[in-house]
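Notes follow once the structure below has been shown.
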Amino acid sequence: MLSSRTGKSDSKIANIEKLSQKTAIRKTTIEALERFPNIDASDIWKSVYSAHMDRKSGIADPEVIKKVVSAENSWKKSSGHAFEEMIEVLGNSKLMHHDIRILLQKDMKLLIENSGIHNEERDIAWLREQIRNSIFDLYVTLKKPNGEEHVYGCIQSKTSIRDRVTRDREPSMNAMNKFFWSVAICLDGEYLRMPKFIGMVNGDTQEHAINGWHGLYVLSDDYSVDRIYPIDIDLSLFVNHALQAAEEWLKNRQWFNHEWKAK
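Residues 1 to 263 in the UniProt record's numbering are what the sequence shown spells out, letter by letter.
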């Protein structure tokens with residue numbers, strides 16, 4: 001159906017709206033984090049959320065906003081992808097100088113389809129399966145001295161560690177068993193103070209014998225224990241660990257299992 005006002009189809013307008021929302025969320029969050037470094041990132045994220053809900057629903061009352069299902073769904077669809085893109089943009093601004101880059105799932109799929117990734121065939125087959133099932137949100141690549149690009153890391157990004165964490169742990173362990181660097185980045189680390197989630201990340205408990213990730217990085221918290229690391233907007237610690245992982249992956253991939261830990 002065509003819109004009488006613009007002449008564009010409703011579906012095309014909806015796609016434009018979705019892209020605009022995602023871009024606005026990403027850019028606004030980055031600008032706010034840079035402008036207000038002393039404000040917790042999760043509080044900034046909640047403010048962007050409220051602004052989005054207000055715009056989509058036309059209602060200012062937070063309690064009423066919660067009842068507006070369409071606005072809530074709109075946020076969920078746009079914010080997750082916006083956070084992924086935020087990590088991609090911030091990470092690549094530091095990693096690009098080291099011949100390392102972070103790629104969105106869609107870009108990784110395209111690169112593999114165009115034979116731009118030079119991992120061994122067993123890696124490629126495994127990566128195709130992960131992409132087909134949308135297991136990881138982002139991938140990390142490095143260029144070898146001969147110029148060939150290889151995937152060496154997988155990233156799960158989430159706004160809250162509570163979101164899908166139980167489901168995400170097993171795929172992460174699978175990635176480590178395949179000798180890939182497997183990490184998660186989250187915006188809100190509130191739940192990481194609970195023993196259940198600490199055990200899921202770090203292991204060494206009756207329920208979770210081994211660690212679920214090489215590292216879990218939290219943007220909004222200074223709480224740290226073992227493989228749980230607080231980071232800020234420059235992602236400096238994450239970047240440092242990414243460089244360590246790349247070096248180890250190149251030198252000793254056959255030993256790059258779940259036990260590896262950044263120094």
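Where a beta carbon is used, it is the ideal one built from N, C-alpha and C, also for glycine.
- Message: Quick check for students: name the residue ranges of the beta strand (DSSP E) that lie wholly in the stretch 126 to 172, counting only runs of 3 or more.
- Response: 138 to 143, 149 to 160
- Query: For residue 264, which of Y217, R101, Q244, G199 has the nearest alpha-carbon?
  - Reply: The requested residue 264 does not occur in the structure, where the chain is confined to residues 1 to 263.
- According to the Cβ coordinates, are I155 and L138 closer than 7 Å? Here residue 155 corresponds to residue number 155 of the sequence shown, with the count starting at 1. Here residue 138 corresponds to residue number 138 of the sequence shown, with the count starting at 1. Contact flag set, yes.
- Task: Throw me the rounded Cβ distance for the V239 and K94 pair, which I believe falls under 8 Å.
- Result: Here residue 239 refers to the residue found at position 239 of the sequence shown. Here residue 94 refers to the residue found at position 94 of the sequence shown. Between K94 and V239 the Cβ distance is about 5 Å, and since that is below 8 Å, they are a contact.
- Tell me whether V89 is buried or exposed, calling it buried when 16 or more other Cβ atoms sit within 10 Å of its Cβ. The residue labelled residue 89 in the question sits at position 89 within the sequence shown. Result: exposed.
- Residues in its own chain within less than 6 Å of H208 by CB, not counting five upstream and five downstream? For the purposes of this step, residue 208 is taken as residue 208 along the sequence shown, with counting starting at 1. G199, M200, listed in sequence order.
- Message: Can you tell me whether A175 is helix, strand or coil according to DSSP?
- Response: Residue 175 sits at position 175 when you count from the first residue of the sequence shown. Helix.
- Query: So does the stretch 170 to 184 actually touch the stretch 97 to 110, counting three or more Cβ pairs closer than 8 Å?
  - Reply: no
- Message: Going by DSSP in three states, I44 sits in which element: helix, strand or coil?
- Response: As a working mapping, residue 44 is identified with position 44 in the sequence shown. In this structure, I44 counts as helix in the three-state DSSP scheme.
- Message: Let me confirm a value: K261 is counted as buried when at least 16 other C-beta atoms fall within 10 Å, else exposed. Which label applies?
- Response: For the purposes of this step, residue 261 is identified with residue 261 of the sequence shown, where counting begins at 1. Exposed: under 16 other Cβ atoms inside 10 Å.
- What three-state label does DSSP hand W181 in the structure shown? The residue labelled residue 181 in the question sits at position 181 within the sequence shown. Three-state DSSP puts W181 in a strand.
- Report yes if the C-beta distance between L219 and I231 is below 7 Å; otherwise report no. Locating residue 219 in the sequence shown gives position 219, counting from the first residue. Locating residue 231 in the sequence shown gives position 231, counting from the first residue. Yes, these two residues count as a Cβ contact at 7 Å.
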